[in-house]
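First comes the structure, then the notes that go with it.
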Amino acid sequence: MHTFYTNETDYRLVEQLIFEWARRIDENRVEEIADLLVPNGRYTVQSRFNLDRNLPHCSIDCHNTAQLRDRILSMRIANIYERHHYRHMISGIQILKKENNLLEVVSNFSIIRTMELDGQIQIIFTGQARDEISIDQQTILFTKRHLVFDSRAIETLLVIPI
Amino acid sequence: MHTFYTNETDYRLVEQLIFEWARRIDENRVEEIADLLVPNGRYTVQSRFNLDRNLPHCSIDCHNTAQLRDRILSMRIANIYERHHYRHMISGIQILKKENNLLEVVSNFSIIRTMELDGQIQIIFTGQARDEISIDQQTILFTKRHLVFDSRAIETLLVIPI
Amino acid sequence: MHTFYTNETDYRLVEQLIFEWARRIDENRVEEIADLLVPNGRYTVQSRFNLDRNLPHCSIDCHNTAQLRDRILSMRIANIYERHHYRHMISGIQILKKENNLLEVVSNFSIIRTMELDGQIQIIFTGQARDEISIDQQTILFTKRHLVFDSRAIETLLVIPI
Chain L
21 MHTFYTNETD YRLVEQLIFE WARRIDENRV EEIADLLVPN GRYTVQSRFN LDRNLPHCSI
81 DCHNTAQLRD RILSMRIANI YERHHYRHMI SGIQILKKEN NLLEVVSNFS IIRTMELDGQ
141 IQIIFTGQAR DEISIDQQTI LFTKRHLVFD SRAIETLLVI PI
Chain F
21 MHTFYTNETD YRLVEQLIFE WARRIDENRV EEIADLLVPN GRYTVQSRFN LDRNLPHCSI
81 DCHNTAQLRD RILSMRIANI YERHHYRHMI SGIQILKKEN NLLEVVSNFS IIRTMELDGQ
141 IQIIFTGQAR DEISIDQQTI LFTKRHLVFD SRAIETLLVI PI
Chain A
21 MHTFYTNETD YRLVEQLIFE WARRIDENRV EEIADLLVPN GRYTVQSRFN LDRNLPHCSI
81 DCHNTAQLRD RILSMRIANI YERHHYRHMI SGIQILKKEN NLLEVVSNFS IIRTMELDGQ
141 IQIIFTGQAR DEISIDQQTI LFTKRHLVFD SRAIETLLVI PI
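Pasting the structure below:
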């Protein structure tokens, strides 16, 4: 018989942390996602194809928030791209384990992109988020975000972090 | 450090109210969404493009439930359109504030349309719902629904309210 | 005035059961969904078009877990198809009724398929899950899963159960 983790407070906080990350991106406040990761936290975007074969290549791999902030800054000032918005849909949040105030959490995501010019709507990413989250009575923060997307091919346009 | 609203009862009721609205539409009982809004409640559908530029135009703007019922009635008896179904996907429900039994709530939505004739499946809307919800021990109802969709262009076919 | 079911423990367990079913499929552990259904449970996939007209045809109709396991086995060893992944998005979980430890539950689903070869991303199903779930202090399991998809036409490729 399968048993599920059911601490209600932990579940609600975890859900809100994941939703908050998504909302900061969707509302074009991407800089602020770095505040939801511990300073030496890891943020990785990788294809399922590579992960399943133990291939090390990642599309994004930041080893701390400084790297993440740097990437976002380059998006703002260096990259040239057609204006577009993301809309995150999150589903299936499950806390798999808790040890020493560290939670192991999975969730499904799909990200729908709308181009500003012609209004074209397209799903550009689906995948599974594998998160490690630190929780105590004052604070809840990501210690690791490993976002594994289902497609082997990446969209030409991955400017904004997901 | 970011803190999250965590009243569990409020969260569950808010979520159920938002889901109930969606389900009444998806189950082709659109008339019944008006019962989830206070009589003088506001229901507005607007593009993000217009909202961001303070342009006043809205695709739908009902100032009370009578206007909303009227619009739905016209959909049933006056509009001619190809039969289709909506399917609402809701994600990222966050209670941002509570003051005097009024909750400020945001959520993400995507609406997928299936045409009855040829079965074509298409995302026609993604966006953010900005809701004001009145809650007390007996009742939970929308006082305002402001649905902001990401695309500047609207689909030819917005017959059914979203 | 509409009232909502709000037993928090029941809600969280129901949600986790539905998410767990989806995750086992998405993680390519389809065999394990049968463990979430009671041995004489029913698993049915049917079009909304047929259901609305009381037409009996279903795309899949398993009367017990043995039939479901058999179907999955044939998927693994007999069917030839292009490799692909599913990603389930679940939304709008609502407990409508509880009687004698049986819950009547609805939810919305959309299933996004990614082809392994060319990375093509497509919504192949949207619809409503109508579940009957048995719950007691030790165990939560599906007794019936009735998955009603919105499109009349089924995708050529329904190999993996949804």
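Chains as they are written, first to last, in this note's numbering: chain L, 21 to 182; chain F, 21 to 182; chain A, 21 to 182.
Using N, Cα and C, we set each Cβ at its ideal position, and we do this for glycine too.
Predicted model only: the values in this text are computed from it and were never measured.
(message) For the pair the stretch 143-153 of chain A and the stretch 24-40 of chain A, tell me if three or more CB-CB distances fall below 8 Å.
(response) Touching, per the Cβ criterion.
(request) Note down, in chain order, each residue of its chain lying with its Cβ closer than 6 Å to the Cβ of ILE160/L, except the 5 sequence neighbours on either side. (result) For ILE160/L, where only same-chain residues beyond five positions count, the Cβ hits under 6 Å are LEU33, LEU37.
(request) Taking C-beta pairs closer than 8 Å, name the residues in chain L that ALA173/F reaches, listed in chain order. (result) Near ALA173/F (Cβ distances below 8 Å), the residues of chain L are ASP138, GLY139.
(message) Measuring CB atoms only, is the stretch 167-174 of chain L touching the stretch 132-151 of chain L, in the sense that at least three cross pairs come out at less than 8 Å?
(response) Enough Cβ pairs lie closer than 8 Å, so yes.
(request) Under 8 Å Cβ to Cβ from LEU56/F, same chain only, skipping five residues before and after it: list those, please. (result) Answer for LEU56/F: LEU37, GLU40, TRP41, ARG44, LEU161, PHE162, listed in chain order.
(request) Note down, in chain order, every chain A residue with its Cβ under 9 Å from the Cβ of ILE143/L. (result) Near ILE143/L (Cβ distances below 9 Å), the residues of chain A are ILE132, ILE141, GLN142, ILE143.
(message) Just list the residues that DSSP pairs ARG133/A with in beta bridges.
(response) TYR106/A, GLN142/A, per the DSSP bridge assignment.
(request) Put ILE155/L into one of helix, strand or coil per three-state DSSP. (result) ILE155/L falls in the strand class under three-state DSSP.
(request) Using alpha carbons as the reference points, say which of ASP72/F, GLU102/F, ALA54/F, ILE97/F lies closest to ALA86/F. (result) Of the candidates ASP72/F, GLU102/F, ALA54/F, ILE97/F, ALA54/F places its Cα closest to the Cα of ALA86/F.
(request) Have a look at the DSSP bridge pairing and note the partners of ILE80/L. (result) Per DSSP, the beta-bridge partners of ILE80/L are VAL65/L.
(request) Would you identify the three-state DSSP class for LEU161/F, choosing helix, strand or coil? (result) In the structure shown, LEU161/F sits in a strand (DSSP, three-state: E or B).
(message) Based on DSSP bridge pairs, tell me the residues matched to ILE115/F.
(response) Paired residue(s): VAL125/F.
(message) If I measure Cβ to Cβ from ARG172/L and keep anything under 6 Å in the same chain, skipping five residues before and after, which residues do I get?
(response) In chain order, SER67, PHE69 place their CB closer than 6 Å to the CB of ARG172/L, counting only its own chain and leaving out the 5 sequence neighbours on each side.
(request) Would you tell me roughly how many angstroms separate the C-alpha atoms of ARG103/A and ASN27/L, rounded to the nearest one? (result) ARG103/A and ASN27/L have their C-alpha atoms spaced approximately 38 Å apart.
(message) Using DSSP's beta-bridge definition, name the partner residues of LEU4/L.
(response) Since the first residue shown for chain L is 21 and the last is 182, residue 4/L is missing from the structure and cannot be characterised.
(request) Keeping to the same chain, check which residues put their C-beta closer than 8 Å to that of CYS78/L; ignore five residues upstream and five downstream. (result) Contacts found: THR64, VAL65, GLN66, ASN70.
(message) If distances are taken between C-alpha atoms only, which option among HIS105/A, ARG62/A, THR29/A, HIS83/A comes closest to PHE145/L?
(response) Per the Cα distances, HIS105/A.
(message) Between which residues of its own chain and MET135/A is the CB-CB distance below 7 Å, once the five residues before and five after are set aside?
(response) If we look at MET135/A and ignore the five residues flanking it on each side, its Cβ neighbours are GLU102, HIS104.
(message) Please tell me whether ARG62/F and ASP81/F are closer than 9 Å, where the distance is taken between their beta carbons.
(response) With contacts defined as CB atoms closer than 9 Å, ARG62/F and ASP81/F qualify as a contacting pair.
(request) Under 8 Å by Cβ, that's how I've got MET109/L and ILE132/L pegged, so tell me the actual separation to the nearest angstrom. (result) With 8 Å as the limit, MET109/L and ILE132/L qualify as a contact, their Cβ atoms being about 7 Å apart.
(request) State the Cα-Cα distance for the pair ARG73/F and VAL58/F, rounded to the nearest angstrom. (result) Computed Cα separation, rounded: 29 Å.
(request) Anything in chain A within Cβ reach of ASN84/L, meaning under 9 Å, just list it in chain order. (result) Correct list: empty, because the minimum Cβ distance to chain A is about 29 Å.
(message) Closest to ARG49/L by C-alpha separation, out of LEU93/L, GLN158/L, LYS117/L, would be which residue?
(response) Cα-wise, what sits closest to ARG49/L is LEU93/L.
(message) Quick check: is the beta carbon of MET109/L nearer than 9 Å to any beta carbon in chain A?
(response) By the rule that beta-carbons nearer than 9 Å mark a contact, MET109/L touches chain A.
(message) Can you confirm whether ARG32/F, when its beta carbon is compared against all beta carbons of chain A, has any partner nearer than 9 Å?
(response) Taking Cβ atoms only, chain A reaches closer than 9 Å to ARG32/F, which makes this a yes.
(message) Please report the straight-line C-alpha distance between PRO181/F and GLU47/F, rounded to a whole angstrom.
(response) Near 13 Å, if we compare the C-alpha coordinates of GLU47/F and PRO181/F.
(message) What would DSSP say about VAL58/L, mapped onto helix, strand or coil?
(response) VAL58/L: strand per DSSP, three-state reduction.
(message) For LEU123/L and GLN140/L, I'd like the C-alpha separation in whole angstroms.
(response) Approximately 38 Å, taken between the alpha carbons.
(message) Going by DSSP in three states, PHE169/A sits in which element: helix, strand or coil?
(response) Secondary structure of PHE169/A (DSSP, three-state): strand.
(request) Mind checking who ARG184/F pairs with in its DSSP beta bridge? (result) Outside the shown range of chain F (21 to 182) lies residue 184/F, about which nothing can therefore be said.
(request) Below 7 Å CB to CB, which residues in the same chain sit around LEU179/F once its five sequence neighbours on both sides are set aside? (result) Before going further, note that residue 179/F is Val rather than Leu in the sequence given. The answer, listed in chain order, is MET95, ASN99, TYR101.
(request) Specify, as a first and last residue, the run of the alpha helix (DSSP H) that LEU33/L falls within. (result) Membership of LEU33/L in the alpha helix (DSSP H) is indicated by the continuous run 28-46.
(message) Run through chain F and tell me which residues come within less than 9 Å of THR163/L, C-beta to C-beta.
(response) What THR163/L touches in chain F: nothing, since even the nearest Cβ is about 15 Å away.
(request) Under 8 Å Cβ to Cβ from LEU137/L, same chain only, skipping five residues before and after it: list those, please. (result) Counting only Cβ-Cβ distances below 8 Å, and skipping sequence neighbours, we find GLU102, ARG103.
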